[in-house]
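Numbering (the numbering used here), first residue to last: 1014 to 1258.
Glycine included, C-beta positions come from ideal geometry on N, C-alpha and C.
To keep things clear, I will list the structure first and then write my remarks on it.
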């Protein structure tokens, strides 16, 4: 029994408008499973598949008040591509952002609702990831958090240092999941979080219990209107355990 990362969930004041931005940014298709939910995935994609981590945008009225603890890194293939992508994203409504990064070769930006993301300089590591190079999680202890997710999922742990850890689907495709040490502390619910899904035939309740045994906890929330399982990783970052598929 195991699970895998299938999508990220991003809260939005206007899910349709923000969905259009990210669809244009990534070159992906747009769909909706119902009012207040916009689903993004590559055109022709057969969900779920490790070649991509999809994006669900869910309407919520609360405004963004602090830096997100989960963000996307976008891949580029050359310095010219990086400059062209930054210019195109600005034209779509993104802005440059300062999160204290200093003088770095990547460009920090924010989408039209203020969600931070990075446009990376070309790096050989990300040459085959698709438009999303990595899903990045801020944390206090990258090694400990990576060990939790290494046991939680069937992804492969590639690197662990004091300040950074990296993992990827065991099939060697799609974006990386990375954990980066940051001094920021978590406050309130994360507006962007991970969604994981067990495989067909797995027992959802048993998988939730397995994750709790690894260190996941049950955050306090009203569960009356949801049919999935909401858990939190050992640093308190919420994530959703979806039905097997």
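Mind checking who residue 1023 pairs with in its DSSP beta bridge?
According to DSSP, which records beta bridges pairwise, residue 1023 is partnered with 1070 and 1205.
Using a 10 Å radius around the Cβ and a threshold of 16 neighbouring Cβ atoms, would you call residue 1090 buried or exposed?
The residue in question, residue 1090, is exposed, as its Cβ has fewer than 16 Cβ neighbours within 10 Å.
Taking DSSP as the reference, what is the three-state secondary structure of residue 1192?
Three-state DSSP puts residue 1192 in a strand.
Who are the Cβ neighbours of residue 1127 in its own chain at under 6 Å, not counting the five residues just before and after it?
Excluding residues within five positions, the ones whose Cβ falls inside 6 Å are 1077.
Rounded to the nearest angstrom, how far is the Cβ of residue 959 from that of residue 1041, given a contact under 8 Å?
Any answer about residue 959 is impossible in this case: the structure gives the chain only from 1014 up to 1258.
Are the beta-carbon atoms belonging to residue 1142 and residue 1131 less than 8 Å from one another?
Cβ atoms of residue 1142 and residue 1131: not closer than 8 Å.
In the DSSP assignment, find the alpha helix (DSSP H) that holds residue 1102 and state where it starts and stops.
Run containing residue 1102: 1092-1105, per the alpha helix (DSSP H) assignment.
Can you tell which of 1174, 1020 and 1087 has the C-alpha that lies nearest to the C-alpha of residue 1194?
It is 1174 whose Cα lies nearest to the Cα of residue 1194.
Could you compute how far the alpha carbon of residue 1265 sits from the alpha carbon of residue 1203?
No answer is possible for residue 1265: the residues shown for the chain start at 1014 and end at 1258.
Where residue 1097 and residue 1027 are concerned, what is the direct C-alpha to C-alpha distance, given to the nearest angstrom?
Approximately 27 Å, taken between the alpha carbons.
Leaving aside the five residues before and after residue 1134 along the sequence, list all residues of the same chain whose C-beta is less than 8 Å from its C-beta, in chain order.
Cβ within range, chain order: 1089, 1092, 1095, 1118 and 1119.
In terms of DSSP beta bridges, what is residue 1211 paired with?
Per DSSP, 1016.
Assuming residue 1129 contacts residue 1150 under a Cβ cut-off of 8 Å, what Cβ separation, rounded to an integer in Å, is found between them?
Not quite, the Cβ-Cβ distance comes to about 13 Å (not below 8 Å), so this is no contact.
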